[in-house]
Every structure is written in C-alpha cells, then in structure tokens.
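Those protein sequence lines, which keep their order, are chains A and B.
Be aware that the first sequence starts at 30, since it is given in my numbering, and climbs by one per residue.
Be aware that the second sequence starts at 30, since it is given in my numbering, and climbs by one per residue.
Using N, Cα and C, we set each Cβ at its ideal position, and we do this for glycine too.
Only a predicted model underlies this, so the values are computations on that prediction, with no experimental measurement involved.
Note sheet for the following structure.
Number of protein chains: 2
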Amino acid sequence: MARNRPYTCGLDAAIDVVGGKWKATVLWMLEDQGPLRFGELRRRIPGVTEKMLVQHLRELESDGLVHREAYHQVPPKVEYSLTDYGRTLELALRPLGDWGHANMARIEATHA
Amino acid sequence: MARNRPYTCGLDAAIDVVGGKWKATVLWMLEDQGPLRFGELRRRIPGVTEKMLVQHLRELESDGLVHREAYHQVPPKVEYSLTDYGRTLELALRPLGDWGHANMARIEATHA
DNA sequence: TCAAGTACTGACTATATTGTCAGGTACCCA
DNA sequence: TGGGTACCTGACAATATAGTCAGTACTTGA
C-alpha cells in the first residue's frame, strides 16, 4: 500500500502490518484453529493461491507474528502458529472483527 | 484491494472498509479533533493529496461513516464529521490503534 | 509407470490503488 | 490585472498488489 513511514498514528502502523488481502484471515485462522499446516491453511481460505499464501506467511513471519516450524520429513510438513506477539495483535484485532461481523450486511450493501 | 465478497470473516469486511491508505487517519482525526473542514484535514494529514483526500472522504461518506455538511458560502465551507455509525467503528478501531502505538518501534524496525 | 500429495519458487501478467498535473468556480484584496 | 483562498474534478501515468502458470524434489499408492 506504499504507506508513509514514519506513521501518522498507531492505526496507520497496525493496518500496514495487517493490510494484505489475506493476512487478517490467516491470523484469524491460526488463532481460532491452532497450529495449521500449509495445505490446511490453503484449503480453509477459499480463493487464496499458493503463491499469495506463501508470500503473506513469509511477511507475517518476518514481522514476528507467525512462527514457522518445518519438520524434516518426506513428504514435507510445515506448521504455522501464532507467536506471543501475534496473539497480542489478534487480541487487538478482535473488536474490529466483531464490528465487521455485526455490520456485515450493511457493509456488503453500501460498500461498492 | 479487490476483496472477496462474501467475506470470510468480520475482519475481512472491516479491513475492506478501513483499508485505504488514508482512511484510518481520517477517521482518527475526525474522532480526535471534532468536525474538520476539508482544508484542515489536508493540512493535518501530511503527504495526502487533495485528490486522494476527496476520494476517501467520498467513500467514507457513501459507507455512512462520515457526514459531509456543505455551507453555501463564498468562499465555500465544507465540514466533515463522524456519524454515529462511524463512531462505533472508531471505537472498534481503538485497540488496534493502541497496539500499533505500543509496538510502533518494532513495526518500523521489522516491517520492510 | 503414472498420478497424487507435500511445500514451495520464479517469470510473467493483470488489476487496483495512488499520485501528478492542469483546470474550474467564485470571491476578496491590492 | 494579478494574485490568493477554498473545494473540488478529470485525464493520465506510476506504482503496488495480486493472480496465472509452469516447474522442483521426493514418496506413496494404483
């Protein structure tokens, strides 16, 4: 989104971190449904492509929000989970998620 | 951002509404500093162009979050303020803003 | 031997969002 | 007559973000 650093307000910074098309959903899935494998995430997020999922996971990881655990097996197994830091974000995100949930119909109706 | 409707979760819907580059800042300004004129907003948000400000204000208005009051004067005077609906969003956004504020340094350091 | 599952990578393309720039109306002040 | 203020609009260009598609390595099951 080509955000302006230094940020004008905390909100700006937070949305920068969580603003990708699938990031909020990933965070929500990982909090709600525990550690998940790559393929599980892909199947649970309808419409996401492998490429975008990898890319967003990498970003969330380098932001320290998500932990990636690779098991050296064949076939490969990789598990993603929230870090403690990630959980603090999930917590801060919850009221917004509730707001969106409560106003979903209105948002879908008015937001072109 | 070409979001997916119907939304996967409330968070998705909420970020769709608040995800523009300057929208969160506008909402925050209007809540924090009361009704503001167009020019006041522009001066308070460093880096925003008139075009983007108008565009985002129009979207926030058509989403029912912001109220636009035009005074038929010369020179023109237009005041923007939050609607009640907009205030509920601001409220839901606050924990996220606090999170961003608290972790600003970390975000700036890690988020490329 | 061929297909399928697993977790990816990378080149290329498409779309969405943002920015630049010029202009437009109406008035006041010098 | 020429600025300055105020609130915009629209054409066009630039950038950012997302999507498509092919391909990797290895192994199990048919």
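Check	Outcome
Range of the contiguous beta strand (DSSP E) that encloses A/Leu86	Unbroken run through A/Leu86 is the alpha helix (DSSP H), Glu79 to Ser91; no beta strand (DSSP E).
From A/Glu98, A/Met133, A/Met58 and A/Asp92, residue whose alpha carbon lies closest to that of B/Gly129	A/Asp92
CB of A/Leu111 within 9 Å of CB of A/Glu60, strictly	yes
Per DSSP, the bridge partner or partners of B/Arg135	DSSP lists no partner for B/Arg135.
For A/Arg123 and A/Val83, the rounded distance between their alpha carbons	24 Å
Neighbouring residues, chain A, relative to B/Lys80 (Cβ below 7 Å)	Residues of chain A passing the Cβ test: none, with the nearest at roughly 15 Å.
Residue burial classification, B/Gly76 (beta-carbon count within 10 angstroms, cutoff 16)	exposed
Residues that B/Tyr100 bridges to, as DSSP identifies them	B/Lys106
Closest by C-alpha distance to B/Leu118, when choosing among A/Pro35, A/Leu40, A/Arg32 and A/Val55	A/Leu40
Test: B/Asp127 CB closer than 9 Å to a CB of chain A	yes
Inter-residue spacing [alpha-carbon to alpha-carbon] between A/Tyr36 and B/Glu79	19 Å
Proximity below 9 Å, CB of B/Val108 to CB of B/Glu98	Note that residue 108 of chain B is Glu in the sequence shown, not Val. The answer is yes: Cβ separation under 9 Å.
Reduced DSSP category for B/Arg66 - H, G, I as helix; E, B as strand; rest coil	strand
Three-state secondary structure assigned by DSSP to B/Leu122	helix
Own chain partners of A/Pro105 with C-beta closer than 6 Å, once the 5 adjacent residues on each side are dropped	none
Exposure label - A/Leu120; buried when at least 16 CB within 10 Å	exposed
Those runs of the alpha helix (DSSP H) which lie wholly inside the stretch 34 to 68 of chain B and span at least 4 residues	39 to 47 and 52 to 61
Chain-ordered chain B contacts of A/Asp113 [CB-CB under 8 Å]	Chain B residues near A/Asp113: none, gap ~12 Å exceeds 8 Å.
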